[in-house]
Structures are given as C-alpha cells and as structure tokens.
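Top to bottom, those sequences are chains A and B.
Residues 1 to 113 in my numbering are what the first sequence spells out, letter by letter.
Residues 1001 to 1107 in my numbering are what the second sequence spells out, letter by letter.
Working notes, beginning with the structure itself.
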Amino acid sequence: KAGVTQTPRYLIKTRGQQVTLSCSPISGHRSVSWYQQTPGQGLQFLFEYFSETQRNKGNFPGRFSGRQFSNSRSEMNVSTLELGDSALYLCASSLGQLQETQYFGPGTRLLVL
Amino acid sequence: KNEVEQSPQNLTAQEGEFITINCSYSVGISALHWLQQHPGGGIVSLFMLSSGKKKHGRLIATINIQEKHSSLHITASHPRDSAVYICAAGVGGNMRFGAGTRLTVKP
C-alpha cells in the first residue's frame, strides 16, 4: 500500500498570501489529521476530519481551515499568511477509530517571507 | 504546565546502553503514542498504547493509566537509534505532544 502523501513538499510564500496544502491518505483510511510543527511551539494539532466532517479542531485562528473530500483526500488552507506560519505541516491518516496508529506523511515545509 | 511532559529533553548514550524516556500527561486519552522523528522531518509511529506494555524488537513501551505515565525503553542502543522521540496523548488524531527527547547514541 502506498503511504500518506503530501503536496507540495516545499513552498515559499510572502506575507498576506494564502496557501493550500494537500494530503492523500492511505487507501481505505477515512480519517485525516493535520499538525503544525515549529521550533518554538513543537507539534500542535490543527484539525481532524472523518468522512468529510471536521471531528475536532485545535486552538488556531480562523485563518486556518480545512476540508475533506469524498475520496478522503484532505486540504488545508491558510489565508493572510504571517511570518509565524512558517512551519512544517504534517498530516496523518487512520481508519478513524479512537485507539489506532496514526500514519504520518512526509510533511510540507512552508516558508513565509 | 504542558498537557504532555517529556523527559529528558536531551540524552546522549554509548552504543549498547539501556535508555529510558518518560512521558506524563494530564489530558484524557484514548491512546498514548510514541513517535520517532529523524532529521528531515519524517515521523514514524513506534507504538500506540491504551494499556499495559508493548514490545517491538529492542523497543519496549509501557503505560500506567492510573498514574498517567508512560515510558519508552530502548535496549542495546545503536547509533541508528539517534533521533527525536516524541510522546503524544489524545483521542484519535486529536493529540497533544511532548516537546520531544533528542537521543544521540555514540559508537
């Protein structure tokens, strides 16, 4: 089975722009979660989608949004980018049970200038 | 106080040593995860625990639900074990993460 894929892998944007990141889960997985990793804050939970519905949301401003499609692929969008949004964005997929291994993608490294 | 506390932050060991990394959490959880992250960012899930103990090769993970504490042990450490180890606790994908333990194993 192919693993979790994320596109693009690297991205450079300027302040004020918006960005869309994509995550394709392992085939058959219905849950996709997104995380932000920065040197200062470490790993933080952004949101979790299951069967096209947002199941949980972390403590991030409304500029961060996401969605999940019927094929379980997920996108996250960040509008009005700030310098502090520079980070590694990771997604993870699972079947959707509450006690289950999360399979992580390679991440998208975003640099905001 | 962070919801997930990990110790130590940094750990240097000689090849062959027994290593222990500790994790305490204060959030309600359905599972506790131990993750490994190598330079470059990729994260691999080592263990998912909801009770008791699990073993994969030289790695052992334990959890005490009553004390809200988990440990990751590496027996006979090897330089290829050098990585950042992260404890994560939560419900489904809604996880809170420890700050990570940077492990360096010297030959």
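From the three backbone atoms N, C-alpha and C, an ideal C-beta is built for every residue, glycine too.
Predicted model only: the values in this text are computed from it and were never measured.
By the Cβ criterion, the stretch 1017-1027 of chain B is in contact with the stretch 1087-1097 of chain B, since at least three pairs of Cβ atoms, one from each stretch, lie closer than 8 Å. Counting C-beta pairs with one atom in each stretch, the stretch 1049-1060 of chain B and the stretch 3-22 of chain A have fewer than three that are closer than 8 Å, which means they do not touch. Secondary structure in the stretch 20-78 of chain A: the beta strand (DSSP E) runs of 3 residues or longer, each lying completely within the stretch, are 31-38, 42-50, 53-57, 64-68 and 74-78 in chain order.
Within chain A, not a single residue places a beta-carbon under 7 Å from that of serine 1026/B; the smallest gap is close to 16 Å.
With its beta carbon less than 7 Å from one in chain A, asparagine 1094/B belongs to the interface.
Contact with chain B is found for proline 106/A, since one of that chain's Cβ atoms lies less than 7 Å from the residue's Cβ.
Of all alpha-carbon atoms in Tyr1085/B, Gln1009/B, Phe1018/B and Pro1039/B, the one lying nearest the alpha-carbon of glycine 107/A is that of Pro1039/B.
For threonine 1012/B, the CB contacts under 6 Å within the same chain, skipping 5 residues up- and downstream, are Thr1104 in chain order. Between valine 1091/B and chain A, the shortest Cβ-Cβ separation is below 7 Å.
Between alanine 1083/B and chain A, the shortest Cβ-Cβ separation is not below 7 Å.
One Cα belongs to aspartate 85/A, the other to asparagine 77/A, and the distance between them is close to 12 Å. When DSSP states are grouped into helix, strand and coil, leucine 1035/B belongs to the strand group.
Taking C-alpha positions only, threonine 1075/B is separated from serine 22/A by approximately 38 Å.
In the structure shown, glycine 84/A adopts helical secondary structure according to DSSP, grouped into three states. Counting along the chain, the unbroken beta strand (DSSP E) around glycine 1090/B starts and ends at 1083-1091. For the C-beta of serine 1045/B, the chain A residues within less than 9 Å are, from N- to C-terminus, Ala92, Thr101, Gln102, Tyr103 and Phe104. In the three-state reduction of the DSSP assignment, arginine 15/A falls in the coil class. Residues of the stretch 30-53 of chain A whose Cβ lies closer than 9 Å to any Cβ of chain B, in chain order: Ser31, Val32, Ser33, Trp34, Tyr35, Gln37, Gly42, Leu43, Gln44, Phe45, Phe47, Glu48, Tyr49 and Phe50.
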